[in-house]
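Beneath this line is the structure, given in C-alpha cells, with notes to follow.
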Amino acid sequence: MLKTDLCEAYRGYIACLNEQDWTKLAQFVDDDAFYNGKRIGLSGYREMLERDFRDIPDLQFNIQLLISDPPHIAARLAFDCTPRGKFLGLDVNGRRISFTENVFYEFRDGKIVSVWSVIDKAAVEAQL
Numbered sequence: 002m003l004k005t006d007l008c009e010a011y012r013g014y015i016a017c018l019n020e021q022d023w024t025k026l027a028q029f030v031d032d033d034a035f036y037n038g039k040r041i042g043l044s045g046y047r048e049m050l051e052r053d054f055r056d057i058p059d060l061q062f063n064i065q066l067l068i069s070d071p072p073h074i075a076a077r078l079a080f081d082c083t084p085r086g087k088f089l090g091l092d093v094n095g096r097r098i099s100f101t102e103n104v105f106y107e108f109r110d111g112k113i114v115s116v117w118s119v120i121d122k123a124a125v126e127a128q129l
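If you number the sequence shown the way the numbering used here does, the last residue is 129 and the count never jumps.
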C-alpha cells in the first residue's frame, strides 16, 4: 500500500472504532490478528474493543500523531475519558483522566495483522 492509502485505511479504522461499528471491523482487522505478540484473531480483537467501550462509555480514539512507513503505521493516540471501576489495575472509578497510547500496526493486504500497544500508565497514576 502507498503511504496515503495506508493512512486513509487507518483513519477509516479509527472512525470504525469511534462509531463502534463492529460489523465493519473485519474490513480493517485480519482474521488472524495479533495483539502485543498474542494471536487473538478478529473475534478476540472485537471482544477486547467491546469490553473497552463497556468499561469506558465515553471512549474516543483521537489521533495526535500518525506516521506511515508501509506496511507499518505508528500512531500516538490521545484519550480524555471516564473509565468505570479499575483501569490498568488502578481504581479510577469514574474520574476523568487523560492519557496517551503509543501504538504500532503492521498491515497486510490492507488489514491490520499485528498491533503493539503501550499505554502511558504513569500519566493516569499522576492524576489519581
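Glycine included, each C-beta is placed from N, C-alpha and C at the ideal position. For clarity, every value in this text was computed on a predicted model and none was experimentally measured.
- Contact between the stretch 73-80 and the stretch 95-102 is established, with three or more Cβ pairs separated by less than 8 Å.
- The Cβ atoms of Pro-58 and Phe-108 do not sit closer than 9 Å to each other.
- Non-local beta-carbon contacts of Leu-89 in its own chain, meaning distances under 8 Å to residues more than five positions away in sequence, involve Ile-120, Lys-122, Val-125 in chain order.
- In the three-state reduction of the DSSP assignment, Asp-31 falls in the strand class, which pools E and B.
- Taking all protein chains shown into account, Ser-69 has 16 or more neighbouring C-beta atoms within 10 Å of its C-beta and is therefore buried.
- In the DSSP assignment, Ile-15 falls within the alpha helix (DSSP H) that extends over 4-20.
- The C-alpha of Ala-27 is placed about 7 Å away from the C-alpha of Leu-43.
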